[in-house]
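Written below as structure tokens is the structure these notes are about.
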Amino acid sequence: MIPTQPAIEIGGAREHLDQAPRTMDELAAAIAAEIPDGSYVNLGIGQPTKVADHLSPEPGVVLHTENGMLGMGPAAHGDAVDPDLTNAGKAPVTELPGAAYFHQADSFAMMRGGHLDICVLGAYQVSFAGDLANWHTGTPGAIPAVGGAMDLAIGAKCVYVLMSMFAKNGTPKLVPECTYPLTGKSCVNRIYTEFAEIELGPAGARIIETYGISAQELGERLLSTR
437 MIPTQPAIEI
447 GGAREHLDQA
457 PRTMDELAAA
467 IAAEIPDGSY
477 VNLGIGQPTK
487 VADHLSPEPG
497 VVLHTENGML
507 GMGPAAHGDA
517 VDPDLTNAGK
527 APVTELPGAA
537 YFHQADSFAM
547 MRGGHLDICV
557 LGAYQVSFAG
567 DLANWHTGTP
577 GAIPAVGGAM
587 DLAIGAKCVY
597 VLMSMFAKNG
607 TPKLVPECTY
617 PLTGKSCVNR
627 IYTEFAEIEL
637 GPAGARIIET
647 YGISAQELGE
657 RLLSTR
């Protein structure tokens with residue numbers, strides 16, 4: 437029997453046709469609003485770090501960095517910048533009361549040991565079934581940058597991806613099957629893009645909400661430009 441390829445479901449999506457596609461800051465705010473209090477969370481390098489700026493400063497969500505910190509706060513600016521206090525992407529950050537520091541090996545042990553509730557990552561491609569490709573495009577001469585992505589993708593209990601829906605050449609980054617080298621299989625639970633929020637799983641993708649485009653139009657565009 438030929439296995440059924442995961443599909444994309446468009447029925448039941450909430451459509452916000454009168455709203456413009458969301459900005460990365462708006463997406464980061466949407467993700468921050470979804471994270472339950474008490475969660476231990478890692479934010480991947482790049483756009484995912486914006487989520488920290490939208491979390492409440494009150495104790496609740498604890499941010500973890502793979503370079504050895506628990507209790508990271510928002511990005512640091514001006515006089516708050518401490519060159520010794522950075523996230524994994526080397527961007528200056530603040531610390532919250534009760535912040536702790538430890539060896540990077542201990543940080544990776546937390547990631548690999550299933551101690552993180554959520555991680556937010558960027559991606560080059562995500563498949564309908566939740567496969568993740570975010571460390572290499574396979575392009576000759578491109579510099580691979582896996583970092584801790586594989587550890588996070590498999591070690592975190594829930595994986596969100598913050599990304600644009602389409603690449604610069606117009607091809608979808610949400611695809612039936614990834615063509616780039618995989619970071620992890622069946623690990624992404626949900627993606628947040630400027631056009632839509634989409635849940636992923638073994639049966640395929642399900643569009644939850646759209647912005648500035650109908651679910652039907654988005655589904656057709658995703659499938660017609662494979």
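No gaps in the numbering here: position 144 of the sequence shown is 580 in this note's numbering, and each next residue is one more. For glycine and all other residues, C-beta sits at the position ideal for the given N, C-alpha and C.
Identity of the residue in the options nearest residue i by Cα
i: MET703; options: ASN570, GLY534 and THR501; result: The structure shown does not extend to residue 703, since the chain spans only 437 to 662, so no value can be given for it.
i: ALA465; options: GLU445, LYS604, ILE444 and HIS490; result: HIS490
i: TYR628; options: HIS452, ASP518, ILE444 and ARG458; result: ARG458
i: GLU612; options: ASP553, ASN478 and ALA569; result: Residue 612 is actually Pro in this sequence, not Glu. That would be ALA569, whose Cα lies nearest to the Cα of PRO612.
i: ARG626; options: PHE564, SER543, GLN652 and ASP587; result: PHE564
i: GLY584; options: ILE467, ALA449 and ALA541; result: ALA541
i: GLY447; options: ALA651, PRO608 and LEU658; result: ALA651
i: THR522; options: ARG548, VAL562, PHE544 and LEU479; result: LEU479
i: ALA603; options: ASP518, ALA589, ARG657 and VAL582; result: ARG657
i: GLY606; options: LEU659, ALA468, ILE579 and GLU635; result: LEU659
i: CYS614; options: GLU635, ILE579, PRO580 and TRP571; result: TRP571
i: PHE544; options: GLY620, ALA589, PRO608 and ASP518; result: ALA589
i: THR530; options: VAL562, ARG548 and ALA488; result: ALA488
i: LYS593; options: ARG548, SER492, ALA516 and ASP515; result: ARG548
i: PRO608; options: GLY620, VAL562, PRO580 and ILE579; result: VAL562
i: ILE467; options: ARG450, ASP515, PRO519 and SER492; result: SER492
Beta-carbon proximity check, residue i vs residue j, cutoff 8 Å
i: HIS616; j: PHE631; result: Note on identity: in this sequence residue 616 is Tyr, with His being the wrong assignment. For TYR616 and PHE631, no; Cβs fall outside 8 Å.
i: GLY566; j: SER600; result: no
i: GLY591; j: GLY550; result: yes
i: HIS513; j: GLU645; result: no
i: PRO442; j: GLY655; result: no
i: GLU445; j: ILE643; result: yes
i: GLY504; j: LEU532; result: no
i: LEU463; j: LEU618; result: no
i: TYR476; j: ASP587; result: no
i: VAL624; j: VAL595; result: yes
i: LEU610; j: ILE649; result: no
i: ALA511; j: PRO528; result: yes
Cβ distance (whole Å) where residue i is taken to contact residue j below 8 Å
i: GLY482; j: GLY509; result: Not quite, the Cβ-Cβ distance comes to about 18 Å (not below 8 Å), so this is no contact.
i: LYS486; j: ASP461; result: 6 Å
Point to revise | Length-filtered (3 minimum) beta strand (DSSP E) runs lying within the region 596-628 | key: Fully enclosed beta strand (DSSP E) runs of no fewer than 3 residues occupy 626-628 of the region 596-628, in order along the chain.
Review point. Are the region 574-592 and the region 486-499 in contact at 8 Å, needing three or more beta carbon pairs?
Key: No, the region 574-592 is not in contact with the region 486-499.
> Can we say the region 550-564 touches the region 530-540, given the rule of at least three CB pairs closer than 8 Å?
Replying inline: No, because fewer than three Cβ pairs between the region 550-564 and the region 530-540 fall closer than 8 Å, the two stretches do not touch.
Return the chain-ordered ranges of every alpha helix (DSSP H) run that is complete within the region 500-557 and spans a minimum of 4 residues. Taking only runs of at least 4 residues, the alpha helix (DSSP H) segments lying wholly in the region 500-557 are 540-548.
Review point. Mind pulling the beta strand (DSSP E) runs of 3 or more residues that sit fully within the region 450-484?
Key: Complete beta strand (DSSP E) runs here, min 3: 450-452 and 476-479.
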